[in-house]
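Colleague: Below you'll find the structure I mean.
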Amino acid sequence: MRGKWHFILFLLLISYGSNNHWVLIGLLFLFFIFYHWFTNEELGKQIIFISIGLTIFCFSSFFPSELSPSISIEKSTEPSTYTGSILSNPEKSTTKMGFVFKQNNTKEKFYVQVYTNQSSQKVSNSIQHGAFCKISGSIRKPNGATNPGSFDYKQYLKAQGIHYQLNTDLTNITCSGRSILSYPYKLRENIIIYIKNKFDPNTFAWIQGLLFGNKEELSQELILTFQQWNLSHLLAISGLHVGLICGFMYFFLLRIIGLTTEKSKQIIMVFLPLYAILAGAQPPVLRAVFMAEFIFLFTFMKRKIPLTDIISITAIIFLTMNRDLLGQLGFQFSFLVTYSLILSKDILKKHASFFWGSMHVSFISQLVLIPLQLLHFYYISPLSLLANLVFVPYFCLFVIPLTLCAVLFSWLPIYFIKLFDFLLDIHQLLVQTILDVMEPFTILWVIGEISILCFIAYFITFLGLMNRLNKDKHNQAFLFGIILVLILQIEQVKPYFSDKGTITVLDVGQGDTIVIELPHRKGIIMIDAAEEVDFLSNDSDLEHIEENKVGRYVLRPFLWSKGIKHIDYLIITHPDYDHYGSMTYMINHFDVRNVYVNPSMVQLKPFSSITKINAIHQGMKLKIGEYDFRVLYPGQENKTKKSNDSSLVIYTELGGNRFLFTGDIGEAVEKELLKTYPNLKVDVLKVAHHGSKTSTSEDFLQATKPKHALISVGENNMYGHPSKDVVDRLENMGINLFRTDLNGAIFYYFQDTSGTFSTMIP
Amino acid sequence: MNCLWCHDDIMPDITWLNFWNPFYEPGKICTTCKEGFPIIVDHVCPMCSRPSKNEEVCGDCQRWSNSEAFQGALERNVSVFSYTPIMKDMMAKWKYRGDYELIHMFSEDVRKKFKEAFGKSKATLVPIPLSSSREKERGFNQAKAIAMLLKRPIESVLTRVQDEKQSKKTRQERMEAENPFQLVKEVKGEIILIDDIYTTGMTLHWAAELLKKGGSTKIQSFTLIRS
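Chains A and B are the protein sequences, given in the same order. Each residue of the first sequence is one higher than the one before, counting from 206 in the working numbering. Each residue of the second sequence is one higher than the one before, counting from 155 in the working numbering.
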């Protein structure tokens with residue numbers, strides 16, 4: 206069976222994909238028949254093998270393949286008490302902690318968040334891995350993504366087999382008992398606290414990031430920059446770190462203590478599982494430790510076994526223990542990269558020099574990850590290869606050993622501690638400087654969400670490329686490389702050949718942002734760029750309020766997921782923060798080619814400094830191909846003092862429907878509009894001012910006769926928008942209503958003279 | 155599976171080339187041993203496969219082409235391995251001590267090289283014969299053993315009359331000896347001679363000369379080793 210285990214893994218993946226374990230058993234059976242036929246290996250061994258295999262599968266969590274939750278609730282339930290045990294190591298921060306909780310009778314998993322404001326050390330300490338707990342609170346469904354491209358918390362929990370959240374505080378929870386695993390977890394916690402007290406915050410942040418797999422103390426900016434340069438793997442404990450730790454320990458035990466190789470290996474074998482838990486026990490570190498243990502075990506047994514088998518067996522064990530891992534990013538990245546590096550051993554052997562070796566390692570790992578990277582982040586950074594060439598050796602040879610030494614020698618007197626602090630300050634400065642120098646060279650190739658076809662085509666071509674590289678046929682390999690780039694290029698330009706267009710009303714909370722993509726990418730128009738105003742948020746931790754929240758977490762992911770990096774026309778209807786707050790962010794992060802505002806805004810503060818700004822007013826027409834966008838309001842000389850009533854009103858026809866985008870206009874402006882355009886008829890009305898009762902008058906609706914109404918409004922906003930009057934008015938007239946607070950993002954897909962609506966949350 | 159040479163366990167060598175193939179089997183020789191049998195890659199004399207830096211026709215081959223008797227008889231020789239001390243041991247074990255199985259260490263490389271060099275040719279394979287007494291003593295003909303790896307029609311059209319071991323003679327002695335072969339049956343068309351080793355090239359040229367007289371148009375040779 207040696208050298209064949211990856212096929213077993215493959216069969217396992219197929220059966221997970223088809224969601225039927227009989228498929229697996231059938232396939233396994235067929236595989237063994239064929240295998241026996243072709244190799245004539247003794248059947249006895251295989252019978253043992255099959256029975257072991259079947260036992261594993263029977264006892265794994267795999268068999269009762271529950272995918273849907275066993276209890277169903279609407280949005281949330283009345284508070285009640287749940288008993289069960291804690292499945293994960295509780296993650297603690299200053300104000301709250303979170304853990305996975307498995308309810309005893311339903312076997313349903315909850316993600317429990319406990320607010321720890323009223324500090325009761327005793328209760329908080331009893332919350333440990335494996336503890337049996339009684340928790341009171343109400344369970345609710347986690348929030349799904351309300352915009353395309355945004356982080357989907359519901360999906361994220363679902364990938365871990367969790368369908369519900371339970372929020373509570375320390376008074377509603379009592380725990381007792383603990384598992385064996387809770388001891389090393391406690392040790393980890395204590396070591397981290399000890400180190401936190403010993404070192405500077407900067408030193409602590411790096412130690413925690415590089416040795417304990419927790420990057421929360423590092424600056425958000427740094428983490429983001431690392432991500433853009435594909436350097437995140439340095440901050441997630443993986444094979445690299447485990448390899449280094451093994452190397453250090455081996456050297457130390459063999460050379461400095463003077464033990465035999467045998468003894469050294471045995472000690473490392475015992476230590477590694479402990480390290481895995483100390484390092485946070487995430488899939489990549491578990492994978493690396495499992496593999497290392499297997500390798501040691503087989504060398505002790507004097508058995509030679511290919512690395513592909515070791516990693517396949519590791520993956521099979523992981524997936525039978527917990528099939529949810531398959532959906533987790535860390536698992537996917539870690540296994541995919543390791544597999545491709547193992548298969549590349551001939552290629553890597555040929556380039557034994559440090560430079561070419563690391564070049565190839567970087568190249569192969571980045572290449573194999575591109576499709577996954579695109580699925581999750583929508584962009585690739587072609588120059589990240591170079592960044593990895595600089596940073597990987599630097600971290601492996603200096604920073605990780607340095608942090609390791611800092612921990613090992615943290616018992617030394619204070620001036621040694623100061624030395625480590627000093628060295629890591631230099632390191633921080635160095636990293637920052639290098640990143641700053643590289644900043645202008647950041648090239649992000651935004652491709653967008655790739656199709657399954659592109660995904661498959663990419664991997665087939667990638668296999669061809671690796672095959673040629675393995676055969677030393679470099680010219681052919683190069684050709685395959687070009688095809689790879691072409692595949693991505695085709696995926697990127699696809700919208701330019703599509704005769705479908707889209708209007709998206711994004712869920713930006715209390716504010717407006719509407720993106721219009723014309724067919725064939727003839728134009729991308731954005732009406733307003735909101736930023737959330739939450740000056741009334743009574744959250745105690747004010748420092749956690751981030752700038753550009755909407756820009757970062759809604760606008761950028763949405764636009765990037767569609768492969769959009771430029772905006773042809775950014776129209777800001779009026780100078781309110783919930784309509785222009787993300788404008789600066791957009792200008793800084795996207796290629797915004799024109800900014801159009803109403804006449805009263807050109808002299809105003811943030812707008813006056815923009816170079817490509819133009820005022821538009823009534824009677825003007827923006828013509829893009831066969832599409833017209835008419836400005837119906839305000840006139841060139843606008844006398845109103847109210848900002849809302851200076852809103853640009855835009856009229857257009859798309860996919861056979863007439864649209865009116867109204868900004869925040871009030872009743873007075875509506876009257877004026879009807880006076881100027883007595884025959885104004887509308888099919889789709891963007892309801893003015895988030896559904897406020899000061900707009901959308903009966904008269905206006907009667908006159909324009911819309912069939913559909915779109916309201917962009919924040920959930921539970923402090924203004925009480927949309928007003929009940931307006932909603933009733935619309936409903937009484939039989940107008941089809943879409944609301945971003947209830948429906949999430951609203952889409953209108955159009956082609957020629959037809960268009961259809963759909964929403965993010967059905 | 156154990157290595158035919160060192161008897162160590164052979165580990166399947168899974169790479170991008172074979173990971174997709176459920177019926178892939180590792181070779182008969184382990185990677186470490188394989189390194190002891192170096193394959194001739196490039197920079198060789200185009201006529202006889204002897205290592206030559208600038209890939210020019212070597213002195214020996216020039217002499218062959220200038221000699222009256224052998225001019226144009228053997229067009230080209232292709233060999234798979236170069237002659238190393240380990241290879242010498244292998245030949246001793248295989249040929250003289252009769253460990254026939256050892257040839258399977260090379261089957262893959264032999265096939266690969268043959269395909270590269272003669273892939274399109276429709277030539278007949280003619281193994282260099284042993285005298286009947288010698289073949290009886292060894293139990294097999296090494297040239298035929300190699301030819302059999304190639305899975306192509308084999309025609310044994312030559313016999314050997316005189317029976318002195320080539321390997322016991324000096325170059326001079328070899329050159330002066332008489333052609334030891336006889337042609338049993340004439341073969342028209344293309345021929346590829348098969349032998350275990352090309353040392354001076356005398357044996358192959360004798361055979362080639364004879365076949366040429368018999369009416370063969372194009373004669374090439376393929377040997378396991380080029381010393």
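Every residue, glycine too, gets a C-beta built ideally from N, C-alpha and C. All values reported here derive from a predicted model rather than from experimental measurement.
(1) From this set, A/Ala908, A/Lys898, A/Ile951, which residue's C-alpha is nearest A/Lys929's C-alpha?
(2) Quick one: which chain B residues come within Cβ less than 8 Å of A/Phe212?
(3) If you check the beta carbons only, do B/Ser203 and B/Arg380 fall under 8 Å apart?
(4) My assumption, with CB atoms under 8 Å, is that A/Phe453 sits in contact with A/Leu440. Please give the rounded CB distance.
(5) Tell me which residue opens and which closes the alpha helix (DSSP H) that A/His632 is part of.
(6) Would you be able to state if there are at least three C-beta pairs under 8 Å between the stretch 217 to 225 of chain B and the stretch 173 to 191 of chain B?
(7) Look at the alpha carbon of B/Ile194 and the alpha carbon of B/Pro166, and state the distance between them as a whole number of angstroms.
(8) Starting from B/Val234, follow the alpha helix (DSSP H) in both directions and report where the run begins and ends.
(9) Does the beta carbon of A/Arg207 sit closer than 8 Å to a beta carbon anywhere in chain B?
(10) Anyone know if the C-beta pair for A/Phe304 and A/Ile344 falls short of 8 Å?
(11) Just to confirm, are A/Asp626 and A/Asn352 a CB contact at a threshold of 8 Å?
(12) Let me know the secondary structure DSSP gives B/Gln374 once reduced to three states.
(13) Please work out which residues of its chain come closer than 6 Å, Cβ to Cβ, to A/Ile951, disregarding the five sequence neighbours upstream and downstream, and give them in chain order.
(14) Does DSSP put A/Ala410 in a helix, in a strand, or in coil?
(15) Pull up the distance between the alpha-carbon of B/Phe376 and that of B/Asn231, whole angstroms please.
(16) When you compare only the Cα positions, how much space is there between A/Ser959 and A/Lys817?
(17) Sort B/Cys215, B/His197, B/Ser287 by Cα distance to B/Glu209 and report the nearest one.
(18) At a cut of 8 Å, does the stretch 262 to 280 of chain B reach the stretch 295 to 313 of chain B through at least three beta carbon pairs?
(19) What three-state label does DSSP hand A/Val889 in the structure shown?
(20) Can you tell me whether A/Ile966 is buried or exposed, with buried defined as 16 or more other CB within 10 angstroms of its CB?
(21) Under the assumption that A/Gly824 contacts A/Val836 (Cβ atoms under 8 Å), give the Cβ distance between them as a whole number of angstroms.
(22) What is the DSSP secondary structure of B/Arg288, counted as helix, strand or coil?
(23) What span of residues does the alpha helix (DSSP H) with B/Arg265 cover, start to end?
(24) Using a Cβ-Cβ cut-off of less than 7 Å, list which residues of the stretch 271 to 289 of chain B approach chain A; keep chain order.
(25) If we count the other Cβ atoms within 10 Å of its Cβ and call it buried at 16 or more, is A/Ile400 buried or exposed?
(26) Of the residues A/Leu853, A/Asn862, A/Leu689, A/Arg207, which one's Cα is nearest the Cα of A/Phe503?
(27) Name the chain A residues that come within less than 7 Å of B/Asp163, Cβ to Cβ?
(28) Nearest to A/Asn435 by CA position, among A/Lys880, A/Leu640, A/Phe667, is which residue?
(29) Would you call the stretch 416 to 431 of chain A and the stretch 558 to 566 of chain A in contact, with 3 or more CB pairs under 8 Å?
(30) List, in order along the chain, the chain B residues whose C-beta lies closer than 8 Å to that of A/Asn675?
(31) Taking 8 Å as the threshold, find out whether the stretch 280 to 293 of chain B comes into contact with the stretch 345 to 355 of chain B through three or more Cβ pairs.
(32) Identify whether A/Ala820 lies in helix, strand or coil by the three-state DSSP scheme.
(33) To the nearest angstrom, report how far apart B/Ala383 and B/Gly226 are at their CA atoms.
(34) Of the residues that make up the stretch 547 to 561 of chain A, which ones have a beta carbon closer than 9 Å to any beta carbon in chain B?
(35) Does DSSP classify A/Ile695 as helix, strand or coil?
(36) Indicate whether A/Lys770 and A/Asp796 have their beta-carbon atoms separated by less than 8 Å.
Modeller: Taking the coordinates as given:
(1) The residue given as residue 929 of chain A occupies position 724 in the first sequence. Out of A/Ala908, A/Lys898, A/Ile951, A/Lys898 has the C-alpha closest to the C-alpha of A/Lys929.
(2) The sequence position of residue 212 of chain A within the first sequence is 7, counting from 1. Going along chain B in sequence order, the residues near A/Phe212 (Cβ under 8 Å) are Pro176.
(3) Residue numbering aside, residue 203 of chain B sits at position 49 when the second sequence is read from its first letter. Residue numbering aside, residue 380 of chain B sits at position 226 when the second sequence is read from its first letter. Result yes, Cβ atoms of B/Ser203 and B/Arg380 sit closer than 8 Å.
(4) One-based indexing of the first sequence puts residue 453 of chain A at position 248. One-based indexing of the first sequence puts residue 440 of chain A at position 235. So it is not a contact: roughly 19 Å between Cβ atoms.
(5) Indexing the first sequence from 1 puts residue 632 of chain A at position 427. Run containing A/His632: 619 to 643, per the alpha helix (DSSP H) assignment.
(6) no
(7) Within the second sequence, numbered from 1, the residue matching residue 194 of chain B stands at position 40. Within the second sequence, numbered from 1, the residue matching residue 166 of chain B stands at position 12. Roughly 24 Å between the two C-alpha positions.
(8) What you label residue 234 of chain B is simply residue 80 of the second sequence in a count that begins at 1. According to the DSSP assignment, B/Val234 belongs to no alpha helix (DSSP H) but to the beta strand (DSSP E) extending over 230 to 236.
(9) To locate residue 207 of chain A, count along the first sequence from 1; it is residue 2. Yes, A/Arg207 lies at the interface with chain B (some Cβ there is under 8 Å from its Cβ).
(10) Within the first sequence, the letter at position 99 stands for residue 304 of chain A. Within the first sequence, the letter at position 139 stands for residue 344 of chain A. With respect to the 8 Å criterion, A/Phe304 and A/Ile344 are not classified as neighbours on the basis of their beta carbons.
(11) As a working note, residue 626 of chain A is residue 421 in the first sequence. As a working note, residue 352 of chain A is residue 147 in the first sequence. It is not a contact, given that the beta carbons lie outside the stated cut-off.
(12) Start at 1 with the first residue of the second sequence, and residue 374 of chain B comes out as number 220. Three-state DSSP puts B/Gln374 in a strand.
(13) Numbered from 1 along the first sequence, position 746 holds the residue referred to as residue 951 of chain A. Within the same chain, A/Ile951 has close Cβ partners Val710, Leu915, Phe943, Thr964.
(14) Start at 1 with the first residue of the first sequence, and residue 410 of chain A comes out as number 205. It is helical.
(15) Translated into the one-based positions of the second sequence, residue 376 of chain B becomes position 222. Translated into the one-based positions of the second sequence, residue 231 of chain B becomes position 77. Using only the alpha carbons, I get a separation of about 6 Å.
(16) Taking the first sequence and counting its residues from 1, the one referred to as residue 959 of chain A is at position 754. Taking the first sequence and counting its residues from 1, the one referred to as residue 817 of chain A is at position 612. Taking the straight line joining both Cα atoms gives about 34 Å.
(17) By 1-based counting over the second sequence, the position of residue 209 of chain B is 55. Nearest option by C-alpha distance: B/His197.
(18) yes
(19) Position 684 of the first sequence holds residue 889 of chain A. Residue state, collapsed to three classes: strand.
(20) By 1-based counting over the first sequence, the position of residue 966 of chain A is 761. Exposed, since its Cβ has fewer than 16 Cβ neighbours within 10 Å.
(21) As a first step, residue 824 of chain A is located in the first sequence; it is residue number 619 there, counting from the start. As a first step, residue 836 of chain A is located in the first sequence; it is residue number 631 there, counting from the start. Rounded, the Cβ-Cβ distance is 7 Å, consistent with contact.
(22) Locating residue 288 of chain B in the second sequence gives position 134, where the first residue counts as 1. B/Arg288: helix per DSSP, three-state reduction.
(23) Counting from 1 along the second sequence, the entry for residue 265 of chain B is found at position 111. Looking at the DSSP string, the run of the alpha helix (DSSP H) that includes B/Arg265 is 261 to 272.
(24) none
(25) Sequence index remark: in the first sequence, residue 400 of chain A carries index 195 (1-based). When all chains shown are included, A/Ile400 counts as buried.
(26) By 1-based counting over the first sequence, the position of residue 503 of chain A is 298. Cα-wise, what sits closest to A/Phe503 is A/Arg207.
(27) On the second sequence, residue 163 of chain B is found 9 positions in, with the first residue counted as 1. By Cβ distance, chain A contributes Lys509.
(28) Taking the first sequence and counting its residues from 1, the one referred to as residue 435 of chain A is at position 230. Nearest option by C-alpha distance: A/Leu640.
(29) no
(30) What you label residue 675 of chain A is simply residue 470 of the first sequence in a count that begins at 1. By Cβ distance, chain B contributes Thr169, Trp170, Leu171.
(31) yes
(32) As a position in the first sequence, residue 820 of chain A is number 615, starting the count at 1. Strand.
(33) What the structure shows of chain B is the stretch from 155 to 381, and residue 383 of chain B is not part of that stretch, so it cannot be assessed.
(34) Of all residues in the stretch 547 to 561 of chain A, Ile547, Leu548, Ser549, Lys550, Asp551, Ile552 have a Cβ within less than 9 Å of some Cβ in chain B.
(35) One-based indexing of the first sequence puts residue 695 of chain A at position 490. A/Ile695 falls in the helix class under three-state DSSP.
(36) Counted from its first residue, the first sequence places residue 770 of chain A at position 565. Counted from its first residue, the first sequence places residue 796 of chain A at position 591. Remark: C-beta atoms of A/Lys770 and A/Asp796 approach each other more closely than 8 Å.
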